[in-house]
Amino acid sequence: MAHFDTGASLTTIDVRVAQHLGLISTGMSPISTANGVTNTPNFAVDVGFLNTGLRRIVNLQVSSCNLSHFNLQNALTNTNDPRNFGVLIGRDIMSLWNIVWNGPTSTVLISD
66 MAHFDTGASL TTIDVRVAQH LGLISTGMSP ISTANGVTNT PNFAVDVGFL NTGLRRIVNL
126 QVSSCNLSHF NLQNALTNTN DPRNFGVLIG RDIMSLWNIV WNGPTSTVLI SD
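In our numbering, the protein residues as written are 66 to 177.
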């Protein structure tokens, strides 16, 4: 599961997701959070969106963070919990898309 973060310039993954996937850090960079600025590992990832017509994004540079609410075990066994997300989709990905949000029905249409 992922969450749209319109305030984030870069897509960010929870460090436990990176560890679970065996990702290797490509370096460190500072990120600004509600708790201040901190240095976190960066990773290069390929991002795909299952069961959609959206094109795959290859070799995307993402940052990492600790999402305090995220539970990796729950994410692996219960993928339908919308509150348990380990990815923040930033404007780097959203800028590739046309996004329409219908407020009354709380639905989102995305095309690239």
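Heads up, the beta-carbon is just placed ideally off N, CA and C, and yes, glycines get one too.
Checking 8 Å against the spacing of the C-beta atoms, do residue 80 and residue 152 come in under that value?
Position 15 of the sequence shown holds residue 80. Position 87 of the sequence shown holds residue 152. No, they are not a contact pair.
Residue 89 versus 173, 68 and 105, residue with shortest Cα-Cα distance
For the purposes of this step, residue 89 is taken as residue 24 along the sequence shown, with counting starting at 1. Residue 105 is the option with its Cα nearest to residue 89.
Would you grab the beta carbon distance between residue 164 and residue 175 for me? Rounded to a whole angstrom, and I think it's under 8 Å.
The residue you call residue 164 lines up with position 99 of the sequence shown. The residue you call residue 175 lines up with position 110 of the sequence shown. That pair is a contact at about 5 Å.
So, with DSSP's three-state summary, where would you put residue 70?
Taking the sequence shown and counting its residues from 1, one reaches residue 70 at position 5. Of the three classes helix, strand and coil, the one that applies to residue 70 here is coil, per DSSP.
Hey, out of 167, 171 and 67, whose CA is closest to residue 115's CA?
On the sequence shown, residue 115 is found 50 positions in, with the first residue counted as 1. With distances taken between Cα atoms, residue 115 lies closest to 67.
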